[in-house]
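In what follows, a single structure is set out as structure tokens and then discussed.
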């Protein structure tokens with residue numbers, strides 16, 4: 371599903387974000403990426419949806435060889451990847467419904483299908499009754515659920531979540547995690563970067579720990595922590 | 006492109022003008038203001054050109070014949086002048102006409118001519134020659150002079166067309182035209198700059214939106230379309246307002262100055278004649294500027 375082979379990433383200012391990273395993530399896995407701030411977690415995530423390109427090495431995601439991917443083909447890669455962020459990144463002037471439908475309009479889905487699938491996605495995240503609310507009228511947890519609905523509405527193969535609970539209280543965080551687990555059960559691969567040790571320790575999924583750009587630990591049913 | 010996608014782009018572009026109310030207002034007004042100034046100068050230039058044309062077209066060649074040139078000869082020369090391609094019309098001015106004309110010109114002082122009558126008229130017979138193209142007046146004059154070369158009597162005494170006056174006049178009208186053109190071009194460039202700047206600001210304000218579109222897998226073309234529609238509409242609205250205001254104002258100017266300028270033997274370019282060149286240029290230019298402004302600005306945020 372996702373494969374990193376000898377991946378290095380050096381930014382133009384000289385920062386080495388990743389060093390010789392080798393990772394294989396299989397279809398339908400649920401993977402936590404942990405590590406201190408600045409360890410390279412976000413770089414790892416950005417490389418998956420090709421926001422960044424590796425300085426060296428090979429990356430393939432859902433059959434796309436990212437090294438050979440032409441810029442104009444990037445949109446087609448991203449249609450296989452749902453992205454979720456700490457700061458939700460909703461369009462502030464669109465309603466919850468419009469924000470979710472937007473991801474389908476972009477792939478030029480027929481209108482009737484857009485309506486159907488958008489409502490299904492909002493129902494899954496439990497926000498059917500708030501479809502016409504603007505992001506500013508929703509709580510943080512609700513906004514993140516809209517973002518999740520947007521991420522899954524196109525049935526992506528992978529969901530990449532960069533600290534999705536970073537701005538939420540513990541209770542809301544758990545609701546989000548249950549939602550992601552549900553989505554994972556339905557067959558979507560999930561890669562999630564987090565600082566939340568309680569969640570990682572309770573869920574017992576595969577944990578990849580990154581420190582100073584190096585993978586220091588990779589355990590199938592791991593716990594939080596990035597000490598060697 | 007699917008029709009539903011196309012109609013989405015139109016819908017989104019239109020909605021976004023309304024959503025970004027103040028920004029759109031700023032873009033539309035900057036388009037309107039710059040195009041208005043441009044339009045005023047276009048109208049001025051049109052009228053200066055018309056004035057210049059009118060002045061130029063009054064330039065005339067006067068041909069004077071030797072005294073005592075027989076009538077058959079005069080008719081022959083008239084035919085020859087008519088054969089010159091640059092010549093539009095030839096009017097024979099008899100010495101009698103010339104005397105009358107001189108009297109008219111002198112007005113109150115015509116009494117200096119008292120005593121000159123048909124028998125002792127000192128003036129020569131001649132022609133007034135009009136040309137098609139005022140600028141060819143000197144060529145035509147040379148050709149008329151050259152008629153003498155094949156005439157043993159050398160019947161043409163003198164050819165006059167106010168050489169120096171005409172040259173000076175052309176220098177002035179040319180100058181006015183060029184200055185007008187430079188000002189109009191300069192304003193067009195300024196307008197384009199102003200407009201693309203304000204559109205760039207509206208797009209800068211929405212760079213987050215563009216980033217999100219890219220994240221969910223929108224192609225660059227898909228992202229560009231609504232901005233394209235928005236730019237075109239902004240330009241169109243701004244320029245329509247300008248064109249309507251400008252032409253209505255111009256119609257008023259024509260109405261209120263008809264009498265004053267009429268006394269100066271000069272009339273303004275009529276509204277029908279100014280409508281398409283000015284209105285069409287403004288609307289066309291405004292729309293194009295809107296489109297280019299938005300496409301150029303959005304391109305910056307589309308780079309991966």
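Residue numbers (my numbering), protein chains in the order written: chain A, 371 to 598; chain B, 6 to 309.
We put the CB at the ideal spot given by N, CA and C, even for glycine.
According to the DSSP assignment, residue 105/B belongs to the alpha helix (DSSP H) that extends over 100-111. Across the set 461/A, 545/A, 475/A, the C-alpha of 461/A shows the shortest separation from the C-alpha of residue 213/B. DSSP, reduced to helix, strand and coil, places residue 162/B within a strand of the structure shown. Counting along the chain, residue 391/A sits inside the beta strand (DSSP E) bounded by residues 386-395. Pairing residue 458/A with residue 217/B, the inter-Cα distance amounts to about 10 Å. Here the alpha carbon of residue 29/B sits roughly 16 Å from the alpha carbon of residue 198/B. Counting of Cβ neighbours within 10 angstroms places residue 11/B among the exposed residues, the total staying below 16. Here residue 560/A is actually not in contact with residue 403/A; their C-beta atoms are around 11 Å apart, not less than 8 Å.
Listed by position along chain B, the residues whose Cβ is nearer than 9 Å to that of residue 501/A form an empty set, because the closest Cβ is around 18 Å away. Secondary structure at residue 137/B: coil, using DSSP grouped into helix, strand and coil.
With a cutoff of 8 Å on beta-carbon distance, residue 47/B and residue 187/B are scored as not near each other. Judged by their CB atoms, residue 91/B and residue 145/B are nearer to each other than the 8 Å cut-off. In the three-state scheme derived from DSSP, where H, G and I count as helix and E and B as strand, residue 380/A is classed as strand. Look at the segment 6-30 of chain B and you find no whole run of beta strand (DSSP E) that is 3 residues long or longer. Put simply, the backbone Cα of residue 281/B is about 10 Å away from that of residue 252/B. Cβ-Cβ distances below 6 Å link residue 287/B to 40, 44, 244, 247, 248 in the same chain, with the five nearest sequence neighbours on each side left out; the list follows chain order. Residue environment: residue 8/B is assigned as exposed (fewer than 16 neighbouring CB atoms within 10 Å of its CB, all protein chains considered). Counting of Cβ neighbours within 10 angstroms places residue 230/B among the buried residues, the total reaching 16 or more. At a cut-off of 8 Å between C-beta atoms, residue 28/B does not count as an interface residue with respect to chain A. By the CB criterion at 8 Å, residue 192/B and residue 42/B fall inside the cutoff.
Within 7 Å of the CB of residue 227/B, the CB atoms of chain A belong to 476, in sequence order along the chain.
DSSP places residue 572/A in the helix class (H, G or I) of the three-state scheme. Within the segment 436-453 of chain A, the residues whose Cβ lies closer than 9 Å to some Cβ of chain B are 441, 442, 444, 445, 446, 447, 448, 449, 450, 451, 452, 453, listed in chain order. When the Cα atoms are used, residue 121/B and residue 162/B turn out to be separated by approximately 21 Å. The beta carbon of residue 458/A sits no closer than 8 Å to any beta carbon of chain B. Neighbourhood of residue 214/B in chain A, by CB distance below 7 Å: 461, in chain order.
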